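Number of protein chains: 2
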Amino acid sequence: MSALAESVLPTADQERTPVTSRTPRPRDRGIPEATVARLPVYLRALQSLSERGIPTISSEALATTAGVNSAKLRKDLSHLGSYGTRGVGYDVEYLVYQVSRELGLTQDWSVAIVGAGNLGRALANYGGFGSRGFRIAALLDADPNVVGDKVAGLSVRHIDTLENVVEAEDISIGVIATPAAAAQRVCDRFVEAGVTSVLNFAPVVLNVPDDVDVRKVDLSIELQILAFHEQRKADGDVGPEWIEALEASADDPPRGMPPTPRNI
Amino acid sequence: MSALAESVLPTADQERTPVTSRTPRPRDRGIPEATVARLPVYLRALQSLSERGIPTISSEALATTAGVNSAKLRKDLSHLGSYGTRGVGYDVEYLVYQVSRELGLTQDWSVAIVGAGNLGRALANYGGFGSRGFRIAALLDADPNVVGDKVAGLSVRHIDTLENVVEAEDISIGVIATPAAAAQRVCDRFVEAGVTSVLNFAPVVLNVPDDVDVRKVDLSIELQILAFHEQRKADGDVGPEWIEALEASADDPPRGMPPTPRNI
DNA sequence: TTCTGTGAATGCGTTCACAGCT
DNA sequence: AGCTGTGAACGCATTCACAGAA
Chain A
1 MSALAESVLP
11 TADQERTPVT
21 SRTPRPRDRG
31 IPEATVARLP
41 VYLRALQSLS
51 ERGIPTISSE
61 ALATTAGVNS
71 AKLRKDLSHL
81 GSYGTRGVGY
91 DVEYLVYQVS
101 RELGLTQDWS
111 VAIVGAGNLG
121 RALANYGGFG
131 SRGFRIAALL
141 DADPNVVGDK
151 VAGLSVRHID
161 TLENVVEAED
171 ISIGVIATPA
181 AAAQRVCDRF
191 VEAGVTSVLN
201 FAPVVLNVPD
211 DVDVRKVDLS
221 IELQILAFHE
231 QRKADGDVGP
241 EWIEALEASA
251 DDPPRGMPPT
261 PRNI
Chain B
1 MSALAESVLP
11 TADQERTPVT
21 SRTPRPRDRG
31 IPEATVARLP
41 VYLRALQSLS
51 ERGIPTISSE
61 ALATTAGVNS
71 AKLRKDLSHL
81 GSYGTRGVGY
91 DVEYLVYQVS
101 RELGLTQDWS
111 VAIVGAGNLG
121 RALANYGGFG
131 SRGFRIAALL
141 DADPNVVGDK
151 VAGLSVRHID
161 TLENVVEAED
171 ISIGVIATPA
181 AAAQRVCDRF
191 VEAGVTSVLN
201 FAPVVLNVPD
211 DVDVRKVDLS
221 IELQILAFHE
231 QRKADGDVGP
241 EWIEALEASA
251 DDPPRGMPPT
261 PRNI
């Protein structure tokens with residue numbers, strides 16, 4: 001760090017921002033993605049502790065319940081601020097609040113779900129939305145036969161009302177629970193209507209502008225990743241004398257493969 | 001690298017494995033996790049190309065449809081072998097086969113779903129299981145009122161039969177779609193019965209032995225991550241003159257917070 | 001010329017280990 | 001004495017950029 005920065009900043013090493021950045025900000029907004037992805041896990045653990053009336057907790061104990069190691073947890077929380085007390089630990093209630101605030105859960109977010117099939121209904125009925133913070137404002141579908149159905153206290157609306165719903169209900173997050181073929185079109189309409197966060201359950205890669213966040217949840221991808229590891233475990237089960245034989249046959253193309261460009 | 005290693009290895013830098021490892025293996029099994037997680041996406045794109053009768057594809061084009069950049073795609077595929085042709089691209093059919101084989105999809109995996117609520121039924125009805133490779137062998141529930149229900153051609157069985165089902169159906173992957181409170185117990189029973197891959201939809205951290213793989217799918221975590229980014233976008237919308245005022249109030253504890261250990 | 005495969009450079013995330021506060 | 005907060009080291013993942021095959 002330069003001598004200039006040292007003399008300007010409150011205490012050395014507190015601020016990671018390059019000296020060229022002169023914008024004052026509410027502490028360091030540059031929280032690593034990996035940390036953001038774990039904050040909800042910490043929050044859930046903290047809420048459970050809170051309900052059980054536990055007033056403080058050490059990084060070691062909280063890390064155990066959250067399924068991470070304590071160094072990682074401390075580093076993660078340090079990105080939010082110095083909210084612990086050395087020699088003691090973290091105040092549970094206070095930390096619940098700080099994490100909630102950082103995640104934006106001190107305000108409510110309205111969610112619209114498109115697709116009132118099995119999955120859409122499951123999502124709409126899923127009550128415990130991260131202990132509040134989210135409100136299912138609408139459930140939409142293209143099929144006239146399901147429009148009007150009552151699901152989780154909501155009446156299913158027709159997809160053609162999407163733009164109106166986004167406007168009227170101030171939808172922040174769009175959830176896509178449609179068949180793959182419809183997903184991109186629904187996404188486009190969400191984006192066009194001004195939605196900038198999309199949660200996609202359809203097995204397709206969505207194309208969106210840079211300012212739109214998409215997260216995907218994909219059952220078959222998860223199963224395939226598990227299958228990969230399962231296969232690896234099984235491979236390990238065979239004795240070393242088998243490996244060579246396996247290797248000899250492993251590259252064989254399946255019955256009916258084209259003349260292969262096997263270049264090695 | 002030591003002089004010893006340099007003289008022993010076939011060619012410099014070709015082999016990443018430590019010289020102590022002498023086990024011959026079917027090419028390099030050490031495929032990075034990040035790569036494994038993307039292979040299903042590539043596979044889906046390739047299958048779509050295959051169905052459309054497209055014989056070859058460049059890394060650039062395949063990367064675009066998979067939503068990654070081409071350098072990453074080429075590096076990923078290079079972990080499987082040299083399956084491309086310089087100046088041409090990849091043979092679609094051949095690559096479909098190689099990726100499928102790497103993921104373990106040339107064999108079938110039996111899956112048991114525990115929890116026949118909205119989500120469990122949605123999963124059971126979800127037909128396109130990554131274009132085959134997986135077979136829903138059983139759907140189990142603890143509620144006597146739903147046991148016997150027909151879902152996706154399966155009769156819901158009682159949870160007490162879990163061990164028998166795992167044995168009889170040779171279950172490789174257990175899916176947990178129960179309420180949070182039941183998840184750990186179901187998981188323990190899966191593990192005890194010999195299942196070593198678990199896909200968990202319940203909002204809890206599961207404790208399992210090291211040899212068991214767990215992947216979790218958590219709706220509310222996904223929403224919270226989106227909320228974080230949504231909030232950040234909104235923060236950016238206010239002019240710089242607001243930032244300081246926001247900063248002054250940002251740390252205020254909520255109404256009813258305990259006397260805070262605010263240490264700074 | 002075109003496009004793959006891959007070393008090298010860079011960046012990000014995790015873990016270690018300990019200074020410093022309570 | 002106990003526990004947080006954090007530099008420093010490390011390892012993994014991504015990106016760059018180009019040698020070399022077709």
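Keeping their order, the protein sequence lines are chains A and B.
Take the first sequence: its position 148, counted from the start at 1, is 148 in full-length UniProt numbering, and no numbers get skipped.
Take the second sequence: its position 245, counted from the start at 1, is 245 in full-length UniProt numbering, and no numbers get skipped.
Virtual Cβ for every residue (Gly too), placed ideally from N, Cα, C.
Bear in mind that the values here come from a model prediction, so they are computed numbers and not experimental data.
Local conformation of residue i per DSSP, three classes
i: L95 of chain A; result: helix
i: H158 of chain A; result: strand
i: V195 of chain B; result: coil
i: S172 of chain A; result: strand
i: S58 of chain A; result: coil
i: Y42 of chain B; result: helix
i: G53 of chain A; result: coil
i: P24 of chain A; result: Low local confidence applies: a pLDDT of 34 at P24 of chain A is under 50, so the model's placement there is unreliable, and no value is given.
i: F201 of chain A; result: coil
i: L223 of chain A; result: helix
i: G89 of chain B; result: strand
i: G127 of chain B; result: coil
i: S110 of chain A; result: strand
i: R132 of chain A; result: coil
i: D149 of chain A; result: coil
i: G84 of chain B; result: strand
i: A138 of chain B; result: strand
i: V36 of chain B; result: helix
i: V166 of chain B; result: helix
i: D213 of chain B; result: strand
i: N118 of chain A; result: helix
Cβ of residue i within 8 Å of any chain A Cβ
i: F190 of chain B; result: no
i: S21 of chain B; result: Since pLDDT at S21 of chain B reaches only 30, below the 50 mark, its modelled position is unreliable, and the value read off the structure follows with that caveat. Not an interface residue.
i: H229 of chain B; result: yes
i: L119 of chain B; result: yes
i: R44 of chain B; result: yes
i: L219 of chain B; result: yes
i: T178 of chain B; result: no
i: T196 of chain B; result: yes
i: A37 of chain B; result: yes
i: K72 of chain B; result: no
i: K150 of chain B; result: no
i: P32 of chain B; result: no
Of the residues the options, the one placed nearest residue i, counting alpha carbons only
i: P179 of chain A; options: A:A142, A:L62, A:I57; result: A:A142
i: A137 of chain A; options: A:V166, A:A227, A:V36; result: A:V166
i: V156 of chain B; options: B:A183, B:A112, B:A182, B:G53; result: B:A112
i: G67 of chain A; options: B:D218, B:H229, B:N207; result: B:N207
i: V36 of chain A; options: A:S78, A:L62, A:P55, A:G127; result: A:S78
i: S59 of chain B; options: B:D91, B:V212, B:P40, B:A124; result: B:D91
i: I176 of chain A; options: A:V88, A:T64, A:L123, A:D170; result: A:L123
i: R185 of chain A; options: A:I171, A:V204, A:D170; result: A:V204
i: S70 of chain A; options: A:N164, A:G115, A:G89; result: A:G89
i: G84 of chain A; options: A:G104, A:R38, A:T56, A:K150; result: A:T56
i: N125 of chain B; options: A:L219, A:K233, A:R232; result: A:L219
Cβ of residue i within 8 Å of any chain B Cβ
i: V146 of chain A; result: no
i: G104 of chain A; result: yes
i: A66 of chain A; result: yes
i: I173 of chain A; result: yes
i: R215 of chain A; result: yes
i: W242 of chain A; result: Only weak support exists for where W242 of chain A lies, its pLDDT of 41 falling under 50; the value from the coordinates is given anyway. Not an interface residue.
i: Q47 of chain A; result: no
i: I225 of chain A; result: yes
i: E222 of chain A; result: yes
i: N125 of chain A; result: yes
i: A122 of chain A; result: yes
i: V165 of chain A; result: no
i: residue 298 of chain A; result: It is not possible to answer for residue 298 of chain A, since the shown part of chain A is limited to 1 through 264.
Distance cut-off 7 Å: residue i Cβ against heavy atoms of the ligand FAD
i: A183 of chain B; result: Absent from the structure shown: the ligand FAD. Ligands present: none.
Point to revise | contact_flag[the region 44-53 of chain A, the region 95-108 of chain A] where n(CB pairs < 8 Å) is 3 or more | key: yes
Review point. If you pair each beta-carbon of the region 220-227 of chain A with each one of the region 183-201 of chain B, do three or more pairs fall below 8 Å?
Key: yes
Point to revise | Stretch pair the region 210-217 of chain A + the region 182-194 of chain B: three plus CB contacts closer than 8 Å | key: no
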